[in-house]
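Shown next, in structure tokens, is the structure this report addresses.
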Amino acid sequence: MRFRVVVLTILLTLSALCRATAAPAGTPPAEPILRIETGMHTALIKRIAVDGLGRYLATASDDKTCRVWDIKTGEQLRVLRPPIGHDYEGRLYSVAMSPDGRYVFCGGWTGYGWDKTHSVYIFERESGRLVRRLNGLPSVVNHLAVSHDGNYLAAALGEGGVRVWRLSDLALVGGDKDYAGESYGAAFDNKGHLATSCYDGMIRLYRVTDTGISLIAKTRTQGGTRPFSLAFSPDNTQLAVGFTDTTAVTVLDAETLSLLGAPNLTGVDNGNLASVAFAADGSLLAAGRWVTDRGCPVRRFKPSDFVAYQDLDTGKSAVVTLCPLPDGGLAYGTVAPRWGVLRPDGSFGMTRSPAIRDYRSSARTFYLDRTGESVAYGATPKKGFFRFALPGRDLRQIDAPSSDLVAPRIQAPGLAVTGWEGGRAPAVNGQPLKLKEFETAFSLAISPDARRFILGTSWNVRAFSASGESLWQTPAPDAVWAVNVSGDGKVAAAAIGDGSIRWYRMEDGREILSYFPNADGKRWVLWTPNGYYDASSGGEDMIGWNVNNGPEQAADFFPASRFRDAFHRPDVVDLSLRTLDEDRALAAANAARGGDVRSPSVLTARPPVVEILSPAAGQAFASPDMTVKFAVRSPGGEDVTAVRLLVDGARVAEDHPTLSGRGFEPSVLQSKITLPERDVVLSVAADNKNGPSAPATVRLKWAGKAAPAAPPASRLYVLAIGVGQYADKSLALQYPAKDARDFAEAMGMQKGKLYGDVTIRVLTDAAATKDAILDGLDWIERQTTQHDVAMIFLAGHGVNDKNGDYYFLPSAVDLEKLRATGLPFMEVQKSIRNIAGKTLFFVDTCHSGSVMGDVKRRGMSDLNGVINELASAGNGAVVFAASTGRQYSLEKPEWENGAFTKALVEGVLGKADGRRTGRVTFKMLDLYISERVKELTRGEQTPTTGVPGTVEDFPIAAY
């Protein structure tokens, strides 16, 4: 299909947004910066904001991103990425949204790294474009507020008071620099007034007009000395104030700032209620670091006298920010980081929880083995632990750490370290340890020889001698909640607030390796400082590269998978802790591959960037005919050579327009497509010589008439391959051929149920030659249309060659001539990429294992990279693998199958349908296989599934 190139036109109601700002004194770092990306914040949420209709929620975080969410569904609609730097540069402390939801304003520690002044960034919400920067501010931007009529933007600063801009032309209309402390609060009423708070103990009230701001009242607070947040009541008669230095909340007259009173704070005996808000019905809400036995609640006071109250649960994490919703509900953000919605009746609405592990209670329960290659971590002993072993990439849940794992040593003869559990004045044997101002110590580990110790703080991993001399300090991306030292004394490990665990060389503090386990307990990623990585199925895109585009443009983010060929180096990761040096690990890994390997460069290998302009995310459609408009650019200037449109992961349009690379300037194209009459996921991806882009994706909702029930129309094509009998008898396995036949038989029973027809080709043992398998792949590729489903089942042996390339072993394979006689997985990948319909790939492969009793081990080759490649958006297959990483997969006579196939067949025959709906979806099957295989193998085998982000759940069997 030919895509039509259209003229790019950006329509902005704010004409000033198109004008260039003054040339900056410097520019953001040009080198790519490696970041964790989970689809949710990885650091505390500082502020939240909503549009006037309560459709969109924006969250600003210390993780240097601002995220926009659909407040009803919780779907992440956009990640807004300002230019960032190292250390603090780019941390976001504030966010506001225009009432119409078109623009998002954010600020924090923003721009100082190159301007020596701070900035407010203005983003277009729908596109994510950074359309203007308000620079020249003397200090960090702690809070932003937009007036209810959308005419003004106010910024509360760390130093230098308050500034106000007119949004029609972004002119600075006024400010007040006469502040003797940090300002964290600013709020508009509906009558043109602005109130601010300041740590000088003052509340100020201004009148705001197009010609400036004028101070009309000022008062010293009576409830505390550090007023934080402010909120006007809906009728503009009251102003609530929350404090950080006390549990008090005060209510002032909104015109005179005289004290009206204080709400009932019975039982509030710790922390603070720093965040305040008024609900639409006039109820006052307050929350903060007040902790009860149930967690950190929001206290809601009834209107008028604020005596009667109700405490609303929000979870265990301190509440940082509150925002009222138009329907009378409340949105909140927490340290966790988590955001959520409380409905008007106080019940839970939508909640988005973090994907990071919480190590805040782990200072004494963070375990390492002798070499540091195995680590155990967990929130509390009651919930058990996770153990991760770098050799074998074995992640499993355990009840308690084994004897080879040792907790941090916090005591030693003649060495008394004090004040390290949340203190700012730690000491060793009474000798103070030198920290930065406001730096807090959270964790301690004494080395085995007691000559050194490691201190984890709010900002650093630090090493000291036994006498208290500072040996080294290494900046950490977040608070260091736990530390430990390996039994051999060579490495230190730290559990950090961003969810990562990082290893450091004890000699000099140099970071060696990082590990991020997702909170789901399944996915993980390992990486070196220069970005060489290994990852579980579905784990590689939890890291990626942030690339700045100068001070006036949004940054790009490229998931690690975009550079898989260059940076997926399990061999380098393997050697990192053994060599204690990334360069040496890389050199040794390259030598083992047979020669020098070219060092990769992210900047010269960037794929295109795609953005869907219309339809909008969440848009409803009542007609299947739709015009899709999208922008494509190639940041490195390479020509764009292909563009694809996908619906639920299946290609519906493709073109090869050969667009000239334009750097940051995009080409805009449009295409007319026909959508199925149901909810769909629409994606657009593009290629240049460096490879495919990350897909741009929107979910669309069908709003037309429900389609009438019809008999099954789609066809199912099955290619089932199982090899257990090899020409090389040492490779023999018992059940792969039976596994293939049993799976084929189970899917054959679907004819007339979910599928109008089922066509099956089975290749087993001697019939499964390399040529026959290739012919089978060609067959299923040719037969499957975009309306059909293809399933490929592969059981037998697989091996990685010295370069890490994966091969399936046909029956006549000669391991000495692997390239000539083995089936390279790239052939499977090519076929899967070219299959027009929905594709599922089931794989249970291995290399020669050992026999232990009556359980035969199907190998220990590493499938993670293969799974991630096949499940990428460009290939679009849902991949079910029998085991994860380098685990063995097992077969046993009493099962008469491999454990994976036994669970798979049971699942598609109906056992995966726990709700008895009559259908089995692939997500149901995933859950069933995962639990059933763990049960059969007693936790020795962990199946894994790779799902492209472009594919929604769909039924694969009926019964």
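Counted the way mature numbering (1 follows the signal peptide of the UniProt record, and there is no 0) counts, the sequence shown spans residues -22 to -1, 1 to 937.
Glycine included, each C-beta is placed from N, C-alpha and C at the ideal position.
Please read these numbers as outputs of a predicted model, since none were measured by experiment.
Cβ pair residue 613, residue 678 closer than 8 angstroms: no
Validate contact between the stretch 150 to 161 and the stretch 62 to 72 using beta carbons, cut 8 angstroms, 3 pairs: no
For residue 807, is the classification buried or exposed, using 16 other Cβ atoms within 10 angstroms of its Cβ as the cut-off for buried? buried
Beta-carbon separation (whole angstroms), residue 885 vs residue 903, contact threshold 8 angstroms: 5 angstroms
Alpha-carbon to alpha-carbon, residue 796 and residue 781: 12 angstroms
Short Cβ contact (8 angstroms threshold) for residue 130 with residue 75: no
Is it a yes or a no for the stretch 719 to 727 touching the stretch 798 to 806, going by three-plus beta-carbon pairs under 8 angstroms? no
Three or more C-beta pairs under 8 angstroms: does that hold for the stretch 374 to 385 against the stretch 482 to 496? no
Quick check: the stretch 569 to 579 against the stretch 868 to 883, are there 3 or more CB pairs under 8 angstroms? no
Starting from residue 454, trace the beta strand (DSSP E) both ways and give me its first and last residue. Residue 454 -> no beta strand (DSSP E), and no H or E assigned at all.
Count the other CB atoms, across all protein chains shown, that sit within 10 Å of the CB of residue 570; report buried if there are 16 or more and exposed otherwise. exposed
Mind reading off the beta-carbon distance from residue 301 to residue 26? Whole number of angstroms is fine, and I expect it under 8 angstroms. 5 angstroms
Using a threshold of 8 angstroms, state whether the C-beta atoms of residue 145 and residue 175 are closer than that. no
When the Cα atoms are used, what is the spatial distance from residue 166 to residue 126? 7 angstroms
CB-CB length for residue 770 against residue 819, believed under 8 angstroms: 5 angstroms
Assuming residue 844 and residue 784 form a contact by the criterion Cβ under 8 angstroms, report the distance between their Cβ atoms to the nearest whole angstrom. 5 angstroms
Can you look up residue 776 in the DSSP assignment and give me helix, strand or coil? strand
Ranges of the alpha helix (DSSP H) found wholly within the stretch 518 to 545, counting only runs of at least 4: 542 to 545
Assign residue 381 to buried or exposed, taking buried as 16 or more other Cβ atoms, counted over all protein chains shown, within 10 Å of its Cβ. exposed
Do the CB positions of residue 237 and residue 217 come within less than 8 angstroms of each other? no
Simplified DSSP state of residue 906, which is helix, strand or coil: helix
If you draw a straight line from the C-alpha of residue 409 to the C-alpha of residue 446, how long is it? 7 angstroms
I believe residue 611 touches residue 663 by the beta-carbon criterion, under 8 angstroms. Please report the beta-carbon distance rounded to the nearest angstrom. The Cβ separation is near 13 angstroms, so there is no contact.
First through last residue of the beta strand (DSSP E) which encompasses residue 344: Looking at the DSSP string, residue 344 is not in any beta strand (DSSP E), and its letter there is neither H nor E.
Go to residue 569, then tell me how far its alpha helix (DSSP H) extends in each direction, as first and last residue. 560 to 570
On a Cα-Cα basis, can you pick out the residue from 55, 248 and 263 that is closest to residue 254? 263
Distance, Cα to Cα, residue 757 vs residue 764? 15 angstroms
Cβ neighbour criterion (16 or more within 10 Å) applied to residue 361: exposed
Check whether the stretch 302 to 315 and the stretch 464 to 472 touch, using three or more Cβ-Cβ pairs below 8 angstroms as the test. no
Do you know how far the Cα of residue 683 is from the Cα of residue 601? 10 angstroms
Determine whether the beta carbon atoms of residue 672 and residue 644 lie at a separation below 8 angstroms. no
Could you tell me if residue 401 is buried or exposed, where buried requires 16 or more neighbouring beta carbons within 10 angstroms of its beta carbon? exposed
Cβ-based burial, residue 342 [other Cβ within 10 Å; buried from 16]: exposed
Whether or not the stretch 12 to 20 and the stretch 519 to 530 are in contact is what I'm after, with contact meaning three or more pairs of Cβ atoms, one per stretch, closer than 8 angstroms; do they touch? yes
For residue 294, collect the residues of the same chain with a Cβ closer than 6 angstroms to its Cβ; drop the 5 residues on either side in sequence, then sort them by chain order. 273
Assign residue 416 to one of three DSSP states: helix, strand, or coil. coil
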